[in-house]
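K.L.:
One structure is given below, represented as structure tokens, and several questions about it will come after.
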Amino acid sequence: MLPPSPSLTPPPMEPPTEEPHEEENAPTVTTPVTALLPADTQATKTYNKELKMTCFKLVKKPGRDFRTLFDQLNTVQGSYESRLRVVREVVQEAGRFKRHSLVKLLTQFLDSMVTSEKGGAATATAAAVTRPSVRVNGHSR
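Residue numbers for the sequence shown follow the UniProt record's numbering, so the first one is 1 and each next one is one higher.
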């Protein structure tokens with residue numbers, strides 16, 4: 001019988017070790033390194049999921065007043081990657097409904113998020129180079 005695929009089994013967690021503290025004789029418990037990495041909590045994930053559904057509804061509404069959408073997007077919680085993922089999914093939803101002006105505004109919002117997180121003007125120029133505007137029949141998209 002073959003062993004299970006390594007991609008399907010989680011990596012084994014090391015049990016906490018007890019090491020005596022030098023100042024006190026009380027044992028201290030150390031946690032594995034993987035537990036120290038920042039991770040989104042379940043509450044954050046559910047909040048972002050509900051927020052994403054609300055933003056999807058706002059994308060589908062007619063009109064050009066997107067202030068409420070951007071107010072909602074400013075409240076995304078979690079790590080940097082999870083916030084970017086939520087905004088990218090809203091951009092895809094806007095593209096799906098052919099809201100080209102909203103897609104343009106959302107990509108600018110996304111670029112500003114990236115620039116503010118990285119803290120450099122070089123990131124903004126790199127984003128401008130990698131996303132050239134497409135001209136179709138005299139209209140830029």
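We treat Cβ as the ideally placed atom computed from N, Cα and C, and that holds for glycine. As the structure is a prediction and not an experimental result, all values here were calculated from the model.
Within a Cβ cutoff of 8 Å, which residues of the same chain sit near Ala39, ignoring the five residues on either side of it in sequence?
P.N.:
Against the sequence shown, residue 39 aligns to sequence position 39. Cβ neighbours of Ala39 beyond the five flanking positions: Ser79.
K.L.:
Classify Ala94: buried if its beta carbon has 16 or more other beta carbons within 10 angstroms, exposed otherwise.
P.N.:
Residue mapping note: residue 94 aligns to position 94 of the sequence shown, counting from 1. Buried.
K.L.:
Is Gln42 helix, strand or coil by DSSP?
P.N.:
Looking up residue 42 in the sequence shown gives position 42. If DSSP states are grouped into helix, strand and coil, Gln42 belongs with the helices.
K.L.:
What three-state label does DSSP hand Gln77 in the structure shown?
P.N.:
The residue you call residue 77 lines up with position 77 of the sequence shown. Gln77: coil per DSSP, three-state reduction.
K.L.:
Beta-carbon separation of Gln72 and Cys55 under 7 Å?
P.N.:
Counting from 1 along the sequence shown, the entry for residue 72 is found at position 72. Counting from 1 along the sequence shown, the entry for residue 55 is found at position 55. Cβ atoms of Gln72 and Cys55: closer than 7 Å.
K.L.:
Arg64 by DSSP, collapsed to three states: which one?
P.N.:
Walking along the sequence shown from the start, residue 64 turns up at place 64. Looking at Arg64 - three-state DSSP - the assignment turns out to be coil, as it is neither helix nor strand.
K.L.:
Do Val91 and Lys52 have their C-beta atoms closer together than 7 Å?
P.N.:
Taking the sequence shown and counting its residues from 1, one reaches residue 91 at position 91. Taking the sequence shown and counting its residues from 1, one reaches residue 52 at position 52. No; because the gap between Cβ atoms is not below 7 Å, this pair is not in contact.
K.L.:
Is the distance from the Cβ of Leu84 to the Cβ of Leu69 below 7 Å?
P.N.:
Within the sequence shown, numbered from 1, the residue matching residue 84 stands at position 84. Within the sequence shown, numbered from 1, the residue matching residue 69 stands at position 69. Not in contact: Leu84 and Leu69 (Cβ atoms no closer than 7 Å).
K.L.:
Using C-beta distances below 7 Å, list every residue in its chain close to Tyr47, excluding the 5 sequence neighbours before and after it, in chain order.
P.N.:
Taking the first residue of the sequence shown as 1, we reach residue 47 at position 47. These residues qualify, in order along the chain: Gln77.
K.L.:
State the Cα-Cα distance for the pair Ser101 and Gln108, rounded to the nearest angstrom.
P.N.:
The residue given as residue 101 occupies position 101 in the sequence shown. The residue given as residue 108 occupies position 108 in the sequence shown. Distance between the alpha carbons of Ser101 and Gln108: 11 Å.
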